[in-house]
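In the numbering used here, the protein residues as written are 8 to 409.
#1: Assuming the contact rule is C-beta atoms closer than 8 Å, residue 60 and residue 294 should be a hit. Round their C-beta distance to whole Å, please.
#2: Among the residues of its own chain, which have a CB less than 6 Å from the CB of residue 56, if the five just before and after it don't count?
#3: I'd like to confirm the pairing. Which residues does DSSP put opposite residue 300 in its beta bridges?
#4: In the DSSP assignment, find the unbroken beta strand (DSSP E) run with residue 77 in it and report its ends.
#5: Quick test of your reading: residue 373 and residue 394, contact by CB under 8 Å. State the CB separation rounded to the nearest angstrom.
#6: Could you give the first and the last residue of the continuous beta strand (DSSP E) run that contains residue 396?
#7: Take every Cβ of the segment 313-321, pair it with every Cβ of the segment 355-373, and state whether three or more of those distances are shorter than 8 Å.
#8: Looking only at C-alpha atoms, which of 111, 135, 58, 78 sits nearest to residue 401?
#9: Tell me whether the segment 141-148 and the segment 225-236 touch, counting them as touching only if at least three CB pairs, one residue from each stretch, are closer than 8 Å.
#10: Within a Cβ cutoff of 6 Å, which residues of the same chain sit near residue 65, ignoring the five residues on either side of it in sequence?
#11: Where does residue 279 fall in DSSP's three states?
#12: Can you pull the DSSP bridge partners for residue 35?
#13: Have a look at residue 14 and residue 33 and give me their C-alpha separation to the nearest angstrom.
#14: Do residue 298 and residue 31 count as a contact pair if the criterion is CB distance below 9 Å?
#15: Taking three-plus beta-carbon pairs below 8 Å as touching, is the segment 345-357 in contact with the segment 111-123?
#16: Residue 137 bridges to which residues according to DSSP?
#17: Starting from residue 366 and walking both ways along the alpha helix (DSSP H), at which residues does that stretch end?
#18: Less than 9 Å between the beta carbons of residue 152 and residue 121, yes or no?
#19: Provide the residue span of the beta strand (DSSP E) that contains residue 333, from first to last.
#20: Just reading off the alpha helix (DSSP H) that residue 106 is part of, what are its end residues?
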C-alpha cells in the first residue's frame, strides 16, 4: 500500500519484488498478518490448476484464531456461503447453474441494452463540453445493463446504481448499500419464484440444479455476480479510455473510431488489469511453490497483475501484445470468471467505449496524464476520476448522430 503501489510504478514494483524474493513473496496484510503474494505466471497457473492442493475453502486458514472479528479484510477472505468459497462437486453444480443462466443472455439484446443506456448517459453530459467519465459514465453503465439483464426494470436498476457503487467502494454507505442491493435481489427472487419471466434471476431460480441450493445461496450468487460483474467492467472501461487518451500507440483510435477499441481493451488486460490481486487460496498440506516452503493452511494471494507482467511471459513490457489473450485477468481453473460472464463484461465495455467515441469524437483529457489518480485498492485497479473535455453536442433525442 506504499506510494509505488498506488501510482504508475506498480509494474516495476512487482518486478523488483520478483527479483528480490522470486515468484512467491512474503507479505504482510493489515494487522501484520502474514501471507504469500504469488507473482509468477507459472506459479499462479500452477495454483489455479490444482484445487486439491490449493483450495478456495477459506476455512482452512491456519491463522483464524489470531484474526479479530473487525479485521478489515474479512469481506475479502472471510467464510462466506457464496459460490466464491464453495469447492468440489457442489461448486461444479453451482458454477453450472450460474454459467447456464448467464450463457442464455442474447448478445444482440445485450448490445441493445448497452447502447441504449450509454446513449442516455451521454445525453446527460454531451451539452456541457466536459465530464468525469468515471463517475458519470464508467461507474454507472455496467450496473444499469446488469440490472436489466437480471430482470430489474430500468427504474429499479437506476435506483440500484448508487448502492452497488457504495458497496464496492467499502466507504461510508457501504453497509446501507449492501442491504439495499440484497433486499432488492430478494424481492426479485420472490417475484420470479411465483411468476417466471425473462432474465438471469429467473433462469437461476428455475434451473435444473436450483433444487439443490437454498434460496439464500442463490441470492448470494446473484449478489456476487452483479457486484463482481460491475466494478471490474467499470474499471475496464475507464482504464481503456485512459490508455486511448494518454498512449500515443492508440492516438489514432480516437479519430479513427472503433477499429482499435478491441486492441486497447486487450492491452489493458495485460497492463492495467482491473482484477489485480485476488485473495485467495489456502494450502491443503505442506508443499513447495516457487522455491518457498508453504505450510498447510497458509494464505496465498494471487497477483494477476504481476503474473501478466512476468518477464518470462512479457520480456518487453513496451511491446503491444497483438491480440494475445493468454492473460490471467479473468483467472484460471475451476474458480475463473465464467466464460459467459466474461463475454457479458466485454460486450458492455466495448459497446460503452464505442458509443462514447461515436458521440464525442474529439474527447480529450482535461488534465495532464500525471494528474490522474488511481483508487487506493490492493485488489482492483481503477481511476478515481477521468476528467475530459469535448465539443458540446446535441442529445440523441435532439438530432444526434445515433
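All C-beta atoms in this analysis are idealised placements derived from N, C-alpha and C, irrespective of residue type, glycine included.
For this structure:
#1: Within the chain shown, residue 60 is the residue found at index 53, counting from 1. Within the chain shown, residue 294 is the residue found at index 287, counting from 1. Right, their Cβ atoms sit about 6 Å apart.
#2: Your numbering for residue 56 matches position 49 in the chain shown. Only 340 meet the Cβ criterion.
#3: Position 293 of the chain shown, counted from the first residue, corresponds to residue 300. Looking at the DSSP assignment, residue 300 forms a beta bridge with 295.
#4: Looking up residue 77 in the chain shown gives position 70. No beta strand (DSSP E) contains residue 77, which DSSP labels as neither H nor E.
#5: Counting from 1 along the chain shown, the entry for residue 373 is found at position 366. Counting from 1 along the chain shown, the entry for residue 394 is found at position 387. Right, the Cβ-Cβ distance comes to about 4 Å (below 8 Å), so this counts as a contact.
#6: Sequence index remark: in the chain shown, residue 396 carries index 389 (1-based). For residue 396, the enclosing beta strand (DSSP E) has its first and last residue at 394-396.
#7: Touching, no.
#8: For the purposes of this step, residue 401 is identified with residue 394 of the chain shown, where counting begins at 1. The shortest Cα separation from residue 401 among 111, 135, 58, 78 belongs to 135.
#9: no
#10: Residue 65 sits at position 58 when you count from the first residue of the chain shown. Correct list, in chain order: 84, 86, 92.
#11: The sequence position of residue 279 within the chain shown is 272, counting from 1. Of the three classes helix, strand and coil, the one that applies to residue 279 here is coil, per DSSP.
#12: Walking along the chain shown from the start, residue 35 turns up at place 28. Note: residue 35 sits in a beta bridge opposite 41.
#13: Taking the first residue of the chain shown as position 1, residue 14 is located at position 7. Taking the first residue of the chain shown as position 1, residue 33 is located at position 26. Linking residue 14 to residue 33 through their CA atoms gives a straight-line distance of about 22 Å.
#14: Taking the chain shown and counting its residues from 1, one reaches residue 31 at position 24. Taking the chain shown and counting its residues from 1, one reaches residue 298 at position 291. Contact check for residue 31 against residue 298 passes: the beta carbons are separated by less than 9 Å.
#15: As far as the Cβ criterion goes, the segment 345-357 touches the segment 111-123, which means the pair count is three or higher.
#16: The residue labelled residue 137 in the question sits at position 130 within the chain shown. 396, per the DSSP bridge assignment.
#17: Counting from 1 along the chain shown, the entry for residue 366 is found at position 359. Note, residue 366: alpha helix (DSSP H), 346-366.
#18: Taking the first residue of the chain shown as 1, we reach residue 152 at position 145. Taking the first residue of the chain shown as 1, we reach residue 121 at position 114. In contact: residue 152 and residue 121 (Cβ atoms closer than 9 Å).
#19: Mapped onto the chain shown, residue 333 falls at position 326. That residue, residue 333, is in no beta strand (DSSP E); it is neither H nor E in DSSP.
#20: Walking along the chain shown from the start, residue 106 turns up at place 99. 95-110 is the extent of the alpha helix (DSSP H) around residue 106.
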